[in-house]
Every structure is written in C-alpha cells, then in structure tokens.
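**Student:**
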Amino acid sequence: MDIATFNVNSIKARLHAVTQWLDDKSPDIACLQELKTVDGSFPREEIEARGYNIITHGQKSYNGVAILSKFPIEEHISGLPGDESDEQARYIEAVISAPQGAVRVASIYLPNGNPAPGPKYDYKLAWMARLKSHIQRLLGYEEPLILAGDYNVIPRPEDCFDPAAWIDDALFRPDTRAAFREIIFTGLTSAFMQKDGRGGEYTFWDYQAGAWPRGNGIRIDHLLLSPQAADKLQSVRIDKYVRDKDRPSDHVPFVGSFDL
DNA sequence: ATGGTCGCGTAGCGA
4 MDIATFNVNS
14 IKARLHAVTQ
24 WLDDKSPDIA
34 CLQELKTVDG
44 SFPREEIEAR
54 GYNIITHGQK
64 SYNGVAILSK
74 FPIEEHISGL
84 PGDESDEQAR
94 YIEAVISAPQ
104 GAVRVASIYL
114 PNGNPAPGPK
124 YDYKLAWMAR
134 LKSHIQRLLG
144 YEEPLILAGD
154 YNVIPRPEDC
164 FDPAAWIDDA
174 LFRPDTRAAF
184 REIIFTGLTS
194 AFMQKDGRGG
204 EYTFWDYQAG
214 AWPRGNGIRI
224 DHLLLSPQAA
234 DKLQSVRIDK
244 YVRDKDRPSD
254 HVPFVGSFDL
C-alpha cells in the first residue's frame, strides 16, 4: 500500500490538482497539510467520490491537516497532545484498518519557525519537543506507525540546492536539525534515508525567483517510521511531475510503498 | 536587483 504526504497550500485552491493526483496515483492513504480552511469548508464530496474516508483538523486561513484513507478509520485524535492552550491545527492521528492489520498514521504540519531567533522559532522548538514526547508514547505500542508530514526541516546540506542561502533559516539552523535528530533517535527510521536517498532530491520549490525551473529546491517533507513500519517499507518516490501542472502547490507529494 | 510569488481575504501576514 502507498502512503503519501502532500502539503497542498490551500485545499480549496488545490482541489483540481489534488483530485487529478489522486486519480493518477490512487494512494491508499494521503496525509495532507496546509488546508487553510475550516472543517465545514473542506471539499469532502469530491474526495469521497474517489473512494476515500476523510478526517480533517482545519483552521480558518492557516494550517490545517487531513488524512484520506481507502481503508476504514477506526479512531483518531486532533491536535498534538501536550499543550491544551495551543490552538494551531497542525496534527491529526488515526488508526487505520489496513489489509494486514492496524496501522497508525499521523499527518503533521510542523511550524515553519521564521524569523529565527524569535517567538515563532521558540514555538517551533517547543512543538518539536512535544512531538518527541508524543512519539515516545506511541512507540510503546510496538505497532506500524507512519508519521507523515511537512516537517519544515532540511535534514542535511545535500537536501538543499544552495545550503549557504539557508544557513540562518529556521528550517536549517543547528538547533532545528538537532531537534529533528532527537525525534529520529527515539527509534524512528526516515523512509527516504532507508532507501539510500542521496541528496539533490527535493519536495519543495519556492514560488519566487524561478526556484522550480532553476532546480532550487529543498527536501522538507518526510515519512518517519516505527520499526514495525520500516520493516515493511518497499520503496519511496517523489511525485515531482505535479509541480508542472496548472496552479501547483509549492510542495509535491512524497510517497512510500509498504507491504502492509 | 533589499526584489521576486502565492493564498487568504480584501490589508497585510504567513510561507
């Protein structure tokens, strides 16, 4: 089964692009980020018509995450645990009845954090610490767990076209990469790295300054896996072709294929 | 070249 992460940058502005991609690739599970709308305005019918169950955790104008699944969704939680005062819609998690048993899937929109340093960067690092704590709890279940999302983290210099341009950015600062390593060191496997991702492969190209035609991208969309999920990973791919379609998102889908 | 481009919502912020 294929599990994808795709930051759509507004589900309403991207509905045509998303449904065309669903029709092309038929991912079994798709984790979406940056819906930029409330639950009541999510275009459910157009996506349900493609055979998907849907859960959303939306927010007016900003953020918002969803999980689309061709298999039944048994239970879910909205919002990252650990701070009841956090009103930003950046996390949704579900238990899905896959053909060979339950799979837990999360759709994650990690804070951007710019400008750094500053309060937005502090929020990013605090959010990453909360995510790490929650993952440590989830790993105790010893089940297939797939944490899919826009992490707003460039893990390595070779994951950006021009590392010097990102050196002080919240996506690439040493504290950001250290926090990302801490998350992985709880016991997760990055799907891209597991399949020998070499560098020079990107999932985001800025709308500005001709970043896409120049190949000036970064790799910030990731699938992080529990051991039980990593053992079943078969391959990964980046659906770059969608960036050439009309009115594309600035991100493209990243997809893992699993024997699950 | 201190810009450039999107989306939301209709000014200016977030990315």
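Those letters in the first sequence? Residues 4 to 263, by the working numbering.
Where is the CB? At the ideal position from N, CA and C, for every residue including glycine.
All values reported here derive from a predicted model rather than from experimental measurement.
Just to confirm, does F188 get its C-beta within under 8 Å of one of the non-hydrogen atoms of the ligand ATP?
**Tutor:** The model depicted lacks the ligand ATP and carries no ligand whatsoever.
**Student:** Apart from the five residues on each side of it in sequence, which residues of its chain come closer than 7 Å, Cβ to Cβ, to D253?
**Tutor:** Taking the first sequence and counting its residues from 1, one reaches residue 253 at position 250. Once the five neighbours on either side are set aside, the close Cβ partners of D253 are N12, F207, W208, D209, Y210.
**Student:** Could you check how far apart the C-beta atoms of F264 and A69 are, in whole angstroms? I think they sit under 8 Å.
**Tutor:** With the chain represented from 4 up to 263, any question about residue 264 goes unanswered, as that position is not in the structure.
**Student:** On the DSSP bridge list, what partners appear for Y94?
**Tutor:** The residue given as residue 94 occupies position 91 in the first sequence. According to DSSP, which records beta bridges pairwise, Y94 is partnered with I111.
**Student:** For D249, tell me which candidate among D31, T22, A182 has the shortest Cα-Cα distance.
**Tutor:** In the first sequence, the residue the question calls residue 249 occupies position 246. If we check each option's Cα against that of D249, T22 comes out closest.
**Student:** For D153, write down the residues that DSSP places opposite it in a beta bridge.
**Tutor:** On the first sequence, position 150 is the one that residue 153 refers to. Answer by DSSP bridge pairing, in chain order: Y112, D224.
**Student:** Got a sec, what are the start and stop residues for the beta strand (DSSP E) Q197 sits in?
**Tutor:** Position 194 of the first sequence, counted from the start, is the residue given in the question as residue 197. Careful: Q197 lies outside any beta strand (DSSP E), inside the alpha helix (DSSP H) at 194-197.
**Student:** With which residues is Q36 paired in a DSSP beta bridge?
**Tutor:** What you label residue 36 is simply residue 33 of the first sequence in a count that begins at 1. DSSP lists N10, V68 as partners of Q36.
**Student:** Hey, out of D5, I138, D262, P158, whose CA is closest to R176's CA?
**Tutor:** Stepping through the first sequence from its first residue, residue 176 is reached at position 173. Nearest of D5, I138, D262, P158 to R176, Cα basis: P158.
**Student:** Would you kindly report the start and end of the unbroken beta strand (DSSP E) that includes T206?
**Tutor:** For the purposes of this step, residue 206 is taken as the residue at position 203 of the first sequence. Where T206 is concerned, there is no enclosing beta strand (DSSP E), given that its DSSP letter is neither H nor E.
**Student:** Is R184 helix, strand or coil when you go by DSSP?
**Tutor:** Stepping through the first sequence from its first residue, residue 184 is reached at position 181. Reduced to three states, the DSSP call for R184 is helix.
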